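Asks:
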Amino acid sequence: MNVVNDLSFLSLITGATIPVQLVMVILLAASGFSWWYIFIKVSVLKSAELAVDEFENTFWTSGDLNKLHDSIHSGRIKNQGLATIFEAGYKEFNRHKTSKSDMSDVIEGVRRAMRATYNRELDFLDAHLPFLASVGSVSPYIGLFGTVWGIMNAFRGLANVAQATLTQVAPGIAEALIATAIGLFAAIPAVIAYNRFATSVDRLSVRYESFMEEFVNILQRKG
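Going by full-length UniProt numbering, the first residue of the sequence shown is number 1, and it counts up by one from there.
(1) In whole angstroms, what is the alpha-carbon distance linking residue 125 and residue 201?
(2) Is there contact here, the segment 140 to 149 with the segment 17 to 37, by at least three beta-carbon pairs under 8 Å?
(3) Return helix, strand or coil for residue 1, following the three-state DSSP convention.
(4) I think residue 197 touches residue 45, with their Cβ atoms under 8 Å apart; what is that distance to the nearest whole Å?
(5) Alpha carbon to alpha carbon, how far is residue 204 from residue 173?
(6) Report the residue from 134, 176 and 179 whose alpha carbon sits nearest the alpha carbon of residue 190.
(7) Does the segment 40 to 54 touch the segment 66 to 74, meaning 3 or more C-beta pairs lie closer than 8 Å?
(8) Would you list, in sequence order, the uninterrupted alpha helix (DSSP H) runs of no fewer than 4 residues that lie entirely inside the UniProt domain "MotA/TolQ/ExbB proton channel" (80 to 209)?
(9) Would you call the CB atoms of residue 110 and residue 89 closer than 7 Å?
(10) Which two residues bound the contiguous alpha helix (DSSP H) that contains residue 61?
(11) To the nearest angstrom, how far is it from the Cα of residue 113 to the Cα of residue 102?
(12) How do the segment 215 to 222 and the segment 176 to 190 stand: do at least 3 beta-carbon pairs fall below 8 Å, yes or no?
(13) Since residue 67 is in the alpha helix (DSSP H), which residue starts that stretch and which ends it?
(14) Could you round the C-beta distance between residue 87 and residue 69 to whole angstroms and report it? I think they count as a contact, below 8 Å.
(15) Which residue's Cα is closest to the Cα of residue 47: 30, 81, 38 and 120?
(16) Buried or exposed: where does residue 118 fall if 16 or more other Cβ atoms within 10 Å of its Cβ makes it buried?
(17) Report the option in 94, 115 and 116 whose CA atom is closest to the CA atom of residue 106.
(18) Can you look up residue 218 in the DSSP assignment and give me helix, strand or coil?
(19) Among 187, 79 and 17, which one has its Cα closest to the Cα of residue 141?
(20) For residue 39 and residue 123, what's the separation of their Cα atoms in angstroms?
(21) Answer yes or no: do residue 194 and residue 132 have a C-beta to C-beta separation smaller than 7 Å?
(22) Looking at residue 127 and residue 150, is the spacing between their C-beta atoms short of 7 Å?
This is the structure:
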């Protein structure tokens with residue numbers, strides 16, 4: 001049998017032992033899901049950043065909170081991110097204001113309403129990030145398991161051979177190393193994407209929290 005043919009990528013995969021093939025399937029599936037989630041997160045975070053920029057610009061140039069609230073309800077401003085947090089806080093402010101509650105109670109209620117909405121927004125932004133983190137951290141070890149198994153199987157096949165040659169050893173070793181290569185192929189994009197997305201989510205959370213504090217100060221002065 002030709003060594004070059006033995007070392008072709010497809011023949012090494014199809015000729016691998018069942019455990020190594022299972023490892024490859026798991027890693028390829030993890031990689032596929034990772035790329036799917038990466039494309040989703042790129043779109044979600046880009047939309048969230050644009051929504052923050054749009055709402056902050058409208059908020060600081062509007063000056064009329066009632067009109068701003070009506071714009072969100074009418075759909076002229078997308079009800080996402082800061083707009084959702086603002087709506088929750090302003091609705092709570094108006095509810096307590098009509099009941100003539102003490103101003104400290106009003107502000108505390110506004111903070112709680114905005115904080116609950118803020119947590120929901122962050123949960124939405126964080127979706128799928130734990131999966132990417134898991135793929136990035138676990139995939140190399142899964143690939144290493146396939147490599148170790150493949151090498152063990154290759155050497156076990158040489159037990160009854162009087163003299164080992166490159167032709168006999170190379171296919172088994174190459175087959176085993178493919179599992180590690182696929183593990184890295186799955187892990188590296190997931191790690192890069194996770195770090196990038198986590199940084200974006202952190203930046204958005206800081207902007208959300210800054211707005212919440214500024215909005216509370218505005219309501220205190222208004223009250």
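For every residue, glycine included, the Cβ atom is placed at its ideal position computed from N, Cα and C. Only a predicted model underlies this, so the values are computations on that prediction, with no experimental measurement involved.
Replies: In brief:
(1) If you number the sequence shown from 1, residue 125 lands on position 125. If you number the sequence shown from 1, residue 201 lands on position 201. So the two alpha carbons sit approximately 7 Å from each other.
(2) A contact exists between the segment 140 to 149 and the segment 17 to 37.
(3) By 1-based counting over the sequence shown, the position of residue 1 is 1. The predicted position of residue 1 is uncertain, since its pLDDT is 41 and thus under 50; a value taken from the coordinates is nonetheless stated next. The answer is coil: DSSP assigns residue 1 none of H, G, I, E or B.
(4) Taking the first residue of the sequence shown as position 1, residue 197 is located at position 197. Taking the first residue of the sequence shown as position 1, residue 45 is located at position 45. Sure, about 6 Å apart at Cβ, within 8 Å.
(5) Stepping through the sequence shown from its first residue, residue 204 is reached at position 204. Stepping through the sequence shown from its first residue, residue 173 is reached at position 173. Their backbone Cα atoms lie some 47 Å apart in a straight line.
(6) As a first step, residue 190 is located in the sequence shown; it is residue number 190 there, counting from the start. It is 134 whose Cα lies nearest to the Cα of residue 190.
(7) No: fewer than three Cβ pairs fall under 8 Å.
(8) 82 to 98, 103 to 126 and 129 to 157, all fully within the UniProt domain "MotA/TolQ/ExbB proton channel" (80 to 209).
(9) Taking the sequence shown and counting its residues from 1, the one referred to as residue 110 is at position 110. Taking the sequence shown and counting its residues from 1, the one referred to as residue 89 is at position 89. Yes. Within cutoff.
(10) Indexing the sequence shown from 1 puts residue 61 at position 61. Per DSSP, the continuous alpha helix (DSSP H) segment holding residue 61 begins and ends at 18 to 62.
(11) Here the question's residue 113 lines up with position 113 in the sequence shown. Here the question's residue 102 lines up with position 102 in the sequence shown. Straight-line spacing of the CA atoms in residue 113 and residue 102 works out to 17 Å.
(12) Judged by Cβ distances under 8 Å, the segment 215 to 222 makes no contact with the segment 176 to 190, as fewer than three pairs qualify.
(13) Counting from 1 along the sequence shown, the entry for residue 67 is found at position 67. Where residue 67 is concerned, the enclosing alpha helix (DSSP H) stretches over 65 to 74.
(14) Indexing the sequence shown from 1 puts residue 87 at position 87. Indexing the sequence shown from 1 puts residue 69 at position 69. Right, their Cβ atoms sit about 7 Å apart.
(15) Reading the sequence shown from its first residue, position 47 is the one you call residue 47. Looking at the Cα atoms, 81 is the closest of the given residues.
(16) In the sequence shown, counting from the first residue as 1, residue 118 sits at position 118. A residue is called buried when at least 16 other Cβ atoms come within 10 angstroms of its Cβ; residue 118 meets this threshold and is buried.
(17) Mapped onto the sequence shown, residue 106 falls at position 106. Measuring from the Cα of residue 106, the nearest candidate turns out to be 94.
(18) The sequence position of residue 218 within the sequence shown is 218, counting from 1. DSSP places residue 218 in helix when its eight states are reduced to three.
(19) Along the sequence shown, one-based indexing puts residue 141 at 141. When each option's Cα is compared against that of residue 141, the closest is 187.
(20) As a working note, residue 39 is residue 39 in the sequence shown. As a working note, residue 123 is residue 123 in the sequence shown. Each residue's Cα considered, the two are about 18 Å apart.
(21) Position 194 of the sequence shown, counting from 1, holds the residue named residue 194. Position 132 of the sequence shown, counting from 1, holds the residue named residue 132. In this structure, residue 194 lies near residue 132, with their beta-carbon atoms less than 7 Å apart.
(22) Locating residue 150 in the sequence shown gives position 150, counting from the first residue. Locating residue 127 in the sequence shown gives position 127, counting from the first residue. With contacts defined by Cβ atoms closer than 7 Å, residue 150 and residue 127 do not form a contacting pair.
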